[in-house]
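What follows is a single structure, written as structure tokens, with notes after it.
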Amino acid sequence: MSQPLAFDQFVQAFRATVATCPDQRKGKNKHYALVDAALGAFAVFFTQSPSFLAYQRDMTARKGQSNAHTLFGLHEIPTDNQIRTLLDPVSPERMVPLFQHGLATVEQTRHLAAFRSWQHRLLVVLDGTQYFSSQKISCPNCSTQTHATGTTTYSHRMLTPVIVAPGQDKVIPLPPEFIGPQDGHDKQDCENAAAKRWLRQYAKSYRAYGVTVLGDDLYSNHPMCEVLVEERVPFILVCKPDSHPTLYEELAHRELGQDLHQVVHRHYTPQGLVLYTYRYASQLPLRATADAVQVNWCELTITTAQGQPLYHNAFITQEPITQKTVAQIVTAGRTRWKVENENNNTLKTKGYHLEHNFGHGKQHLASLLATFNILAFLLHTLLDLLDAKYRLVRQTLVSRQTFFDDLRALTRYICFASWTHLLDFMLHGLEVALPLNSS
């Protein structure tokens, strides 16, 4: 189902969300609205143009209006420094409704079904990434690392949950959880603690969608699995021998054909025969205590017909593993790599420049701008799913860089009445026929 107004609806939702944020300024120093600052920053990330607002100020001086007004709904265009000052007090948690809007839109337009896989569930990958590091710039929300040389590195990291699916080249980002100093805790925050906070906060709402959590070996520890069990969230997590001595010691006592099972699948590829050997076992303890969480275990070893190893990994879950389900469970577990390749890598190397310091501030600026960056990626994903004209432009230009180069150039020199007008202009210039059901 196409939804050509997806862009306008997201911008409206963005405006409504920011309108709920308290403006902490006092007195008469309120010339620029907070919503204009937020929309202006978001526009920079969406267009992948650091100079977008400067170009729009020039256009406004010449023409009386600009794309900042017509596309993104700004009333006035603040300077970069004014934007940083206005946004610094705003917590990124205020933006959570926009992630909910994005997921609800995908569901309402019946595109979420394409992301359902094993047992018709949605696979949510938990993974952390760093988006800022410096030995000179810092704020109270920075994590710190003191080196043997006496120098200190200040950094920001966040948990970036996304919905993934085998064979699906898109991911749907969910609200991030930021890793940093926590009130009432002297110990440094970490990815595991952030994941637990995220689960405590969002498990109930996403459980209704039918989610299964994926993660690497960092997450398959006993405390994390306890939280997953308590929150009634199914999981498939990487399980390495070095991290799970009790489980693998118990596994070593299992006998093949009795309480340890094996199944081999033969796959024919252009390079020749490849063997997928699955092993699985049930009811293994995560630790050597009477109250240990019991899990089911499976592994996949891929080899050539001559026995040359190509891949190996193992996973734990509480879902029943049988000869019929083991391959599906492993396929789902292996999908966790998409969070790095198709989310974090895209945000860092495909024009979003997640690791660039767009502004640090003294409170929440760094994390809020990182959130805006992820929201820009979310809107691009929504447009790819829902906007037939946008999808046709992207398919015609092929290269991501070409599209954004064209977007930057066009919006610098021409004021478009709407997002649809901009896409129509691009399609006309490319001499591409408009889709019949695009309006």
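So the sequence shown is numbered by our numbering: it starts at -10 and just counts up by one.
Idealized CB from N, CA, C, for every residue including glycine.
Between the beta-carbon of L357 and the beta-carbon of P162, is there less than 8 angstroms?
The answer is no: Cβ separation not under 8 angstroms.
Please specify which runs of the alpha helix (DSSP H), each continuous and at least 4 residues long, are wholly inside the region 214 to 279, giving them in chain order.
Listed in chain order, they are 234 to 241.
Compare the beta carbon distance of D504 and K229 with 8 angstroms and say whether it is the shorter of the two.
The shown model of the chain, from -10 to 428, leaves out residue 504, and the question about it has no answer.
Would T6 be called buried (16 or more neighbouring beta carbons within 10 Å of its own) or exposed?
Buried, since its Cβ has 16 or more Cβ neighbours within 10 Å.
Strictly by DSSP, which residues pair up with Y198?
Answer by DSSP bridge pairing: none, since Y198 is not bridged.
Within the continuous alpha helix (DSSP H) that includes V319, where are the two ends?
315 to 323 is the span of the alpha helix (DSSP H), which, as asked, contains V319.
Using C-beta distances below 7 angstroms, list every residue in its chain close to V33, excluding the 5 sequence neighbours before and after it, in chain order.
Counting only Cβ-Cβ distances below 7 angstroms, and skipping sequence neighbours, we find P39, F41, L42.
Return the CA-CA distance between Q97 and Q89, expressed in angstroms with no decimal places.
For Q97 and Q89, the distance between alpha carbons rounds to 12 angstroms.
Should G322 go down as buried or exposed, given a rule of 16 or more other Cβ atoms within 10 Å for buried?
Flag for G322 reads buried.
At the level of alpha carbons, what is the spacing between P11 and D77?
Taking the straight line from one Cα to the other gives about 12 angstroms.
Can you name the start and end residues of the beta strand (DSSP E) that T118 belongs to?
Taken as a continuous stretch (DSSP letters only), the beta strand (DSSP E) holding T118 covers 117 to 123.
Determine the DSSP secondary structure at L111, reduced to helix, strand or coil.
DSSP places L111 in strand when its eight states are reduced to three.
If you pair each beta-carbon of the region 240 to 249 with each one of the region 197 to 214, do three or more pairs fall below 8 angstroms?
Flag = no, the region 240 to 249 and the region 197 to 214 do not touch.
Identify the continuous beta strand (DSSP E) that holds T49 and give its terminal residues.
Taken as a continuous stretch (DSSP letters only), T49 belongs to no beta strand (DSSP E), being part of the alpha helix (DSSP H) at 41 to 52.
Taking only three categories from DSSP, how would you classify Y21?
The answer is coil: DSSP assigns Y21 none of H, G, I, E or B.
Grab me the residues of T141's own chain with a C-beta within less than 6 angstroms of its C-beta, minus the 5 sequence neighbours each way, in chain order.
Same-chain partners within the cutoff: T133, T135.
Can you tell me where the beta strand (DSSP E) holding I363 begins and where it ends?
Run containing I363: none in the beta strand (DSSP E); it sits in the alpha helix (DSSP H), 354 to 375.
Does the count of Cβ pairs from the region 51 to 67 and the region 406 to 416 closer than 8 angstroms reach three?
Judged by Cβ distances under 8 angstroms, the region 51 to 67 makes contact with the region 406 to 416, as three or more pairs qualify.
Judging by CA-CA distance, which residue of L354, V282, A103, L372 is the nearest neighbour of A154?
It is A103 whose Cα lies nearest to the Cα of A154.
In three-state DSSP terms, what is A167?
Note on identity: in this sequence residue 167 is Phe, with Ala being the wrong assignment. Note: F167 maps to strand in three-state DSSP.
Which residues in the same chain have their Cβ closer than 7 angstroms to the Cβ of E215, if we skip the five residues on either side of it in sequence?
If we look at E215 and ignore the five residues flanking it on each side, its Cβ neighbours are V282.
Identify, in the order they occur along the chain, each residue of the same chain with its Cβ nearer than 6 angstroms to the Cβ of R83, setting aside the five sequence neighbours on each side.
Closer than 6 angstroms at the Cβ level, and outside the excluded window around R83, lie C10.
From which residue to which residue does the beta strand (DSSP E) around R146 run?
Element bounds for R146: 141 to 148.
Start and end of the alpha helix (DSSP H) containing A2?
Here the alpha helix (DSSP H) through A2 covers -5 to 8.
Taking 6 angstroms as the limit between beta carbons, can you name the residues of its chain near A355, skipping five residues before and five after?
These residues qualify, in order along the chain: F121, H145, H349.
In the DSSP assignment, what are the bridge partners of R105?
Answer by DSSP bridge pairing, in chain order: L111.
Under three-state DSSP, which class holds Q134?
Q134 falls in the strand class under three-state DSSP.
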